[in-house]
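All remarks here apply to the structure that follows.
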Ligand code: EPZ
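Structure, rendered in structure tokens:
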């Protein structure tokens, strides 16, 4: 079981190139099933979840060429001969449920193992199912499987009672080949949904309003081969900017998309960082200062992203003053708190609110990663804790960050991976 060892130390300095977004490339890989020819995807990050999704597509019979060095994946769905997403894959990656909409729309049938919950919550899929039923799908859930069928999906009006990124993506993909027009109200507005829509439009889909809470999709008879480059990862960007802020350093994130993380940049400025933007580069300069505590309330985009909550908590742990963090999206996304407290953090939890009182110094200790973003927050805290911090179970980290220790070392961090 790999571990990461971080030694507290210098302020980070330098440039880091941002990779393609995990939460965009996963739905986009699933969307390739809708095409009548090969779809070539560029700027693909080298992540464990990408490898899992490729395995899933190959298991369905698709032809996949993965050029790792070229950060490119080409999927040819013409050889798909199965509509079953098996338990052994789905249980390792919930995003596998995103093949449901494409399989249903293209082949009229889909069997997807019910994704289990994970460390951060129960993660139900009821909104996915209800939305697809609104397009005429017949869906049963039994023996741990979602079984869906539809002769031809027809356009419908979907109104989400809760905003859901995945459910919006599933029904958006399904609607592209449905007969007639689909209206999706209370749709999620994340940049990854805009990126998915841009890929689908390149494939010939007729979509308006992606990125707003009302998306209109006019069904077409078929989608064709296309090329698409994945949007930069706003959460990876935010994570590296917090690394600069927590160490008092100066880091420039290049190949980024500043317009996708406005709420995060605002909070970093509130914490006392100088943040400047030049094209696709964001520079955060902390001038050696200690951060000021900030209050965070997570909410759907364009609000403060829940995927940056753990990272900002690490910043608050060493900030001046007291900051509150309200997690409104997931019911159990404070798993990093106990581990941060092992490093000397002063955090009090009361239901969905964590109150963090900044301390002058953290002290290194062995800690355990519980989920993807919790792992990142432990690394960030380790960058400034006295002595060494050893983070166990970092397979969580490899799901969502491409070569994180290589990128942090290049910025001056004292970090190594131990087998
Ligand atoms: C996506 O998960 C992301 N994953 C998550 O990123 C992210 O935290 C989340 O959106 C919120 O932004 C991918 O894109 C692969 P939701 P998703 O459906 O789609 C409830 C990371 O760290 N809900 O928007 O699963 C759900 O339980 C990961 O990169 C239902 O009740 O999130 C949650 O409380 C973690 N029923 C809320 O909605 C449903 O059918 C928002 O979930 C679906 C969701």
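Numbering (this note's numbering), first residue to last: 38 to 456.
For each residue, glycine too, the CB sits at the ideal point set by N, CA and C.
Predicted model, so just to flag it, every value in this text is computed and none were measured.
| Item | Value |
| --- | --- |
| Out of 69, 454 and 439, which one is the CA nearest neighbour of residue 106? | 439 |
| Sorry if obvious, but does the Cβ on residue 250 come closer than 6 angstroms to a heavy atom of the ligand EPZ? | no |
| If we count Cβ pairs, one from each stretch, closer than 8 angstroms, do we get three or more for the region 109 to 129 versus the region 39 to 46? | no |
| Which same chain residues, not among the five before or five after residue 282, have their C-beta less than 7 angstroms away from its C-beta? | 305, 308, 310, 321, 323, 328 and 352 |
| Report the three-state DSSP secondary structure of residue 347 (helix, strand or coil). | helix |
| Count the CB pairs spanning the region 86 to 93 and the region 149 to 165 that are closer than 8 angstroms, and state whether there are at least three. | no |
| Among 301, 210 and 313, which one has its Cα closest to the Cα of residue 291? | 313 |
| Measure the alpha-carbon distance for residue 346 versus residue 76 and round it to whole angstroms. | 34 angstroms |
| Can you give me the Cβ contacts of residue 132 inside the same chain, cut-off strictly under 6 angstroms, excluding the 5 residues immediately before and after it? | 63 |
| Can you tell me whether DSSP reads residue 170 as helix, strand or coil? | helix |
| Which residues in the same chain have their Cβ closer than 6 angstroms to the Cβ of residue 335, if we skip the five residues on either side of it in sequence? | 341, 343, 346, 364, 365 and 366 |
| Closest by CA to residue 182, which one among 127, 266 and 80? | 127 |
| The ligand EPZ and residue 162: does the residue's C-beta get closer than 6 angstroms to at least one heavy atom of that ligand? | yes |
| Going by beta carbon distance, what residues of the same chain come within less than 8 angstroms of residue 259, once the five residues before and after it are set aside? | 73, 214 and 241 |
| Does the Cβ of residue 203 lie closer than 6 angstroms to at least one heavy atom of the ligand EPZ? | yes |
| Measure the CB-CB distance between residue 287 and residue 50 and report whether it falls below 7 angstroms. | yes |
| Going residue by residue through the region 129 to 181, where are the continuous alpha helix (DSSP H) segments of at least 4 residues, counting only ones entirely within it? | 137 to 144 and 163 to 170 |
| Check each candidate in 390, 354 and 378 and name the one with the smallest Cα separation from residue 368. | 390 |
| When the distance is taken between beta carbons, is residue 387 closer than 7 angstroms to residue 58? | no |
| Could you pull the DSSP bridge partners for residue 82 from this structure? | Answer by DSSP bridge pairing: none, since residue 82 is not bridged. |
| Given this structure, state the Cα-to-Cα distance separating residue 384 from residue 408, to the nearest angstrom. | 19 angstroms |
| Look at the alpha carbon of residue 297 and the alpha carbon of residue 228, and state the distance between them as a whole number of angstroms. | 6 angstroms |
| Is residue 223 near the ligand EPZ - that is, is its Cβ less than 6 angstroms away from at least one heavy atom of it? | no |
| Please state the DSSP three-state secondary structure of residue 117. | coil |
| For residue 402, which residues in the same chain have their Cβ closer than 6 angstroms to its Cβ, ignoring the five residues on either side in sequence? | 379 and 380 |
| According to the Cβ coordinates, are residue 417 and residue 280 closer than 7 angstroms? | yes |
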